[in-house]
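In our numbering, the protein residues as written are 14 to 304.
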Amino acid sequence: MQENYWDYVQSILCLIWNFLNSNFITALAGAFFGAIAAYYIAKKHQQAVNLREEIRNINAAITLTFSVFISSLSLKEQQIKPMMDGYKETSKQYEEYMMKLSNGQKVSFAGTADMSEVAMPLFPTETISEIIYGKIAAPTRVAAMYSALNHATNSIKELFERRHQIIYEWKSNKNITEKEKLEVYLGLVQENRTVDERYSNIMDEISKSLDDCIFYSFTIAKDLNEYGCKLAEMYGKNTSIVVGVKLPDELVDKDLMPDEDNYRGWFDGFKNSENSTQNKSIWDRLKFWSS
14 MQENYWDYVQ
24 SILCLIWNFL
34 NSNFITALAG
44 AFFGAIAAYY
54 IAKKHQQAVN
64 LREEIRNINA
74 AITLTFSVFI
84 SSLSLKEQQI
94 KPMMDGYKET
104 SKQYEEYMMK
114 LSNGQKVSFA
124 GTADMSEVAM
134 PLFPTETISE
144 IIYGKIAAPT
154 RVAAMYSALN
164 HATNSIKELF
174 ERRHQIIYEW
184 KSNKNITEKE
194 KLEVYLGLVQ
204 ENRTVDERYS
214 NIMDEISKSL
224 DDCIFYSFTI
234 AKDLNEYGCK
244 LAEMYGKNTS
254 IVVGVKLPDE
264 LVDKDLMPDE
274 DNYRGWFDGF
284 KNSENSTQNK
294 SIWDRLKFWS
304 S
């Protein structure tokens, strides 16, 4: 009876072995593992495609933000800095004039209000926004800096319009004297004991907003370059080249870059968030690659 039992078990095992060794199972196993291999090959290919597209969009964002940086520097060098220097010089001369008057000296003041108009450059902020918020997995600091950059460019536009409005008031009022213009220009006490500081405040705000524009646009371009280089390093030799970011040599010694210390507190707010994401791989941050 026991021998018959083992014969039965042996026959069942032989049937199973023959079934597993059949062409059907071999083909089925081949198809299964082939499908798995094809899936991972396709996934890796899609990751490579998305990575190249990410770097192309990063390069576009770098190019656009760097163009904002160069335009802002040019605006500062060619128009705003001479205007501010002239404004400060006129203010200094007026203080010296008033000091001489208080000392009993008979002097006259020849300073005049600067009524030159400034053309606002066109900044491609909307296109930059579309890329940073919609086409790349931008680091948190880049997204926050773009918000600050957009605010700075809008502020510059608004301030220019307000300055032009004051100049228009001067030019359209035929009865206004040079003395009255100068009082508004420098924010001086007028004969009716009032002080109109609109123009002086606008000048200070233009200078600050333009420095913000210069700083944020350059820093965004640098951060995007670093981010793109990390992606390129992951992908290897065949990836796209990331656009470089470098301060032009001819601008280094022109005292146009704002002081980084003025923005130190702003950067300190991102240290914790940066540290919390350092251990995350770029693949984790770009979740759409594996979707």
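In this text, a Cβ means the ideal position worked out from N, Cα and C, and glycines have one as well.
For this session: Please name the residue in Val208, Glu130, Asn275, Asn70 whose C-alpha comes closest to that of Ala234.
Result: Ranking Val208, Glu130, Asn275, Asn70 by Cα distance to Ala234 puts Asn70 first.
For this session: Output the distance between the C-alpha atoms of Ser121 and Lys105, rounded to the nearest integer angstrom.
Result: In this structure, the CA atom of Ser121 is about 14 Å from the CA atom of Lys105.
Exercise. Under the rule that 16 or more other beta-carbon atoms within 10 Å means buried, what is Lys273, buried or exposed?
Worked result: According to the sequence as given, residue 273 is Glu; it is not Lys. Looking at its Cβ environment, which holds fewer than 16 other Cβ atoms inside 10 Å, Glu273 is exposed.
For this session: Tell me Val208's beta-bridge partners as DSSP assigns them.
Result: Val208 pairs with Val202.
Exercise. If you draw a straight line from the alpha carbon of Ala123 to that of Ile215, how long is it in whole angstroms?
Worked result: If I take the Cα positions, the gap works out to 23 Å.
For this session: Enumerate in chain order the residues of its own chain whose CB-to-CB distance from Cys242 is below 6 Å, with the five nearest sequence positions on each side excluded.
Result: Excluding residues up to 5 positions away in sequence, Val255 lie with their Cβ nearer than 6 Å to the Cβ of Cys242 in the same chain.
For this session: Within the same chain, show all residues whose beta-carbon is closer than 7 Å to that of Phe46, passing over the 5 residues directly before and after it, in chain order.
Result: Confidence at Phe46 is low in this model, with a pLDDT of 49, below 50, so the placement of that residue is unreliable and no value is reported for it.
For this session: Classify Tyr159 as buried or exposed, calling it buried when 16 or more other Cβ atoms lie within 10 Å of its own Cβ.
Result: Classification of Tyr159: buried, given that the 10 Å Cβ count is 16 or more.
Exercise. Which whole-angstrom value describes the C-beta separation of Glu67 and Ile149, a residue pair presumed to lie in contact below a C-beta threshold of 8 Å?
Worked result: Yes, they are in contact, since the Cβ atoms of Glu67 and Ile149 sit about 6 Å apart, within 8 Å.
Exercise. So, Ala152 versus Leu77, is the Cβ gap smaller than 9 Å?
Worked result: Note on residue identity: the sequence assigns Pro, not Ala, to residue 152. Result no, Cβ atoms of Pro152 and Leu77 do not sit closer than 9 Å.
Exercise. Are the CB atoms of Ala73 and Ile144 nearer to each other than 9 Å?
Worked result: Yes, the pair counts as a contact, with Cβ atoms nearer than the cut-off.
Exercise. Apart from the five residues on each side of it in sequence, which residues of its chain come closer than 6 Å, Cβ to Cβ, to Glu161?
Worked result: It should be pointed out that residue 161 corresponds to Ala in this sequence rather than to Glu. The beta carbon of Ala161 sits closer than 6 Å to the beta carbons of Tyr229 from its chain, once the five residues preceding and following it are set aside; these are given in chain order.
For this session: Measure the alpha-carbon distance for Tyr146 versus Lys170 and round it to whole angstroms.
Result: Going by the C-alpha atoms only, they are around 23 Å apart.
Exercise. Run through DSSP, which three-state label would Ala161 get?
Worked result: Note: Ala161 maps to helix in three-state DSSP.
For this session: Starting from the C-beta of Val81, find all residues in its chain whose C-beta is less than 8 Å away, skip the five residues before and the five after it, and write them out in chain order.
Result: Taking Val81 as the centre and dropping the five residues before and after it, the same chain places the C-beta of Phe136, Pro137, Thr138, Ile141, Leu162, Thr166, Cys226, Ser230 closer than 8 Å to its C-beta, in chain order.
Exercise. With distances taken from CA atoms, which of Thr190, Asp281, Ser213, Ser220 is nearest Gly200?
Worked result: The shortest Cα separation from Gly200 among Thr190, Asp281, Ser213, Ser220 belongs to Ser213.
Problem set entry | Close-in-space but distant-in-sequence residues of the same chain around Glu210 (CB under 6 Å, 5 per side omitted) | The residues are Gly200.
Exercise. Do the CB positions of Ala322 and Glu191 come within less than 9 Å of each other?
Worked result: Residue 322 is absent from the model: the chain starts at 14 and stops at 304.
Exercise. Should Ser168 and Glu218 be called a contact, given that it needs their Cβ atoms to be closer than 9 Å?
Worked result: The Cβ atoms of Ser168 and Glu218 lie closer than 9 Å to each other.
For this session: State the CB to CB distance for the pair Leu88 and Leu223, rounded to an integer number of angstroms; the pair is presumed to be in contact (CB under 8 Å).
Result: Indeed they touch by this definition, with Cβ atoms about 7 Å apart.
Exercise. Where Pro134 and Asn186 are concerned, what is the direct C-alpha to C-alpha distance, given to the nearest angstrom?
Worked result: Each residue's Cα considered, the two are about 29 Å apart.
Problem set entry | Member of Leu64, Tyr240, Lys259, Val131 whose CA lies at the smallest distance from the CA of Arg175 | In terms of CA proximity to Arg175, Val131 leads the group Leu64, Tyr240, Lys259, Val131.
For this session: Identify which residue in Gly117, Thr232, His177 has its Cα closest to the Cα of Ala157.
Result: Of the listed residues, the one whose Cα sits closest to Ala157 is Thr232.
Exercise. With respect to the alpha helix (DSSP H) encompassing Glu273, which residues constitute its N-terminal and C-terminal limits?
Worked result: That residue, Glu273, is in no alpha helix (DSSP H); it is neither H nor E in DSSP.
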